[in-house]
Amino acid sequence: MRLFKNLRKQLIGGEKSRKYMAYAIGEILLLVIGILIALQINNWNENRQNRNKEVILLSQLRQEFSANLDQLNDKIDQRKNIVKSAKTLLVNFDQGDINNSDSIVYHLQRTIFIPTFNTNSSDFFSARDISLIKNDSLRVLLAAWPSQVDQLVEEELQWVTYRDKQYLPFLTSHFQARNLYNGVQLDLEMMRTVLMDKSEKFNDRIGNSREKIDLSDLMTSQDFEDHLGFAIMVHNLSNIQSYTLASHIEKILEQIKN
Numbered sequence: 164m165r166l167f168k169n170l171r172k173q174l175i176g177g178e179k180s181r182k183y184m185a186y187a188i189g190e191i192l193l194l195v196i197g198i199l200i201a202l203q204i205n206n207w208n209e210n211r212q213n214r215n216k217e218v219i220l221l222s223q224l225r226q227e228f229s230a231n232l233d234q235l236n237d238k239i240d241q242r243k244n245i246v247k248s249a250k251t252l253l254v255n256f257d258q259g260d261i262n263n264s265d266s267i268v269y270h271l272q273r274t275i276f277i278p279t280f281n282t283n284s285s286d287f288f289s290a291r292d293i294s295l296i297k298n299d300s301l302r303v304l305l306a307a308w309p310s311q312v313d314q315l316v317e318e319e320l321q322w323v324t325y326r327d328k329q330y331l332p333f334l335t336s337h338f339q340a341r342n343l344y345n346g347v348q349l350d351l352e353m354m355r356t357v358l359m360d361k362s363e364k365f366n367d368r369i370g371n372s373r374e375k376i377d378l379s380d381l382m383t384s385q386d387f388e389d390h391l392g393f394a395i396m397v398h399n400l401s402n403i404q405s406y407t408l409a410s411h412i413e414k415i416l417e418q419i420k421n
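Letter by letter, the sequence shown follows residues 164 to 421 in the working numbering.
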């Protein structure tokens with residue numbers, strides 16, 4: 164009898180242990196399921212926030228690159244005008260024509276502009292989180308953007324340095340530079356490609372020199388045609404780089420639209 168009683172107690176105890184074990188396992192499963200659901204909700208919220216950030220980023224990029232394209236086209240037009248004027252001056256130089264002083268001064272003033280593409284490529288990635296963008300093709304295009312800009316800037320800086328250190332000192336020593344600077348202010352077509360606000364214009368005029376214009380020294384200097392030749396070359400090269408950059412921008416805008 165005692166043996167059967169002990170066996171019965173063991174069976175009852177084993178049944179309680181099994182129930183407790185089943186309860187404990189159930190609690191653990193519920194806890195795991197709860198954690199998984201919480202993680203899923205957190206991931207969903209994070210993905211939703213990232214998509215919202217992506218939409219905002221793409222909108223900002225669209226505005227930025229549209230403005231870049233407009234500015235780039237302005238610089239292209241400005242360089243075309245410089246090249247056209249430099250070529251006209253070379254024709255005058257070759258023909259020894261110094262009679263049409265107004266035309267010569269007009270074209271001369273256009274050659275001293277410095278069309279530079281203004282965008283900050285150095286901190287392009289530090290200023291925005293490109294990893295938010297899901298479009299692989301767009302990310303590749305954006306990754307190449309800084310190096311594309313740097314190639315154009317490298318060409319542009321050649322003219323900036325050359326103009327300031329060689330061309331302007333030459334003009335100042337061979338011509339009334341005051342007349343050129345006054346002409347720059349009056350050249351609304353060129354100034355519209357320079358000023359951020361296209362409606363702005365210079366009201367505080369320099370005015371022309373009272374000295375009689377003498378073009379003979381300038382138009383007989385061998386250095387003058389060399390300066391014009393360099394201007395034509397460097398601005399044509401800069402425009403070639405600009406066309407490439409403009410095409411790159413158009414691809415970026417197309418990917419943003421998609």
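Cβ coordinates follow ideal geometry from the N, Cα and C atoms, glycine included.
These numbers come from a predicted model, not from an experiment.
Cβ-based neighbour list, residue i, same chain, cut-off 6 Å, excluding 5 preceding and 5 following
i    : result
L221 : I419
I395 : V246 and A249
T251 : H270
N402 : I239 and R242
Residues near residue i by beta carbon distance below 8 Å, same chain, minus five either side
i    : result
L343 : V268, L271, Q272, I275 and L334
L174 : Confidence at L174 is low in this model, with a pLDDT of 46, below 50, so the placement of that residue should be treated as unreliable; the coordinate-derived value is given next. There are no such residues.
S379 : I261
L416 : R225, F228, S229 and L232
Secondary structure of residue i, DSSP reduced to three states
i    : result
I296 : coil
D380 : helix
D260 : coil
I275 : coil
K375 : coil
S289 : coil
Residue environment, residue i, which counts as buried when at least 16 other CB atoms sit within 10 Å
i    : result
K238 : buried
H282 : First, the amino acid is wrong: residue 282 is Thr here, not His. Its Cβ being crowded by 16 or more others within 10 Å, T282 is buried.
S405 : buried
A187 : exposed
G120 : In the structure as shown, the chain starts at 164 and stops at 421, and residue 120 therefore has no counterpart that could be examined.
P278 : buried
I412 : buried
F303 : Per the sequence shown, the amino acid found at residue 303 is Val instead of Phe. It counts as exposed.
V312 : buried
S294 : exposed
W308 : buried
N215 : exposed
E317 : exposed
N319 : Position check: residue 319 holds Glu in this sequence, whereas Asn was assumed. By the 10 Å Cβ count, E319 comes out buried.
N255 : buried
Host alpha helix (DSSP H) of residue i (start-end)
i    : result
Q404 : Q385 to K420
T282 : Looking at the DSSP string, T282 is not in any alpha helix (DSSP H), and its letter there is neither H nor E.
S336 : L331 to H337
Cutoff 7 Å; reference residue i; Cβ partners in own chain excluding five residues on either side
i    : result
F167 : Here the model assigns F167 a pLDDT of 48, short of 50, so the residue's position is not dependable, and the following value carries that caveat. Cβ neighbours of F167 beyond the five flanking positions: none.
S264 : I376 and L378
R326 : I275 and I277
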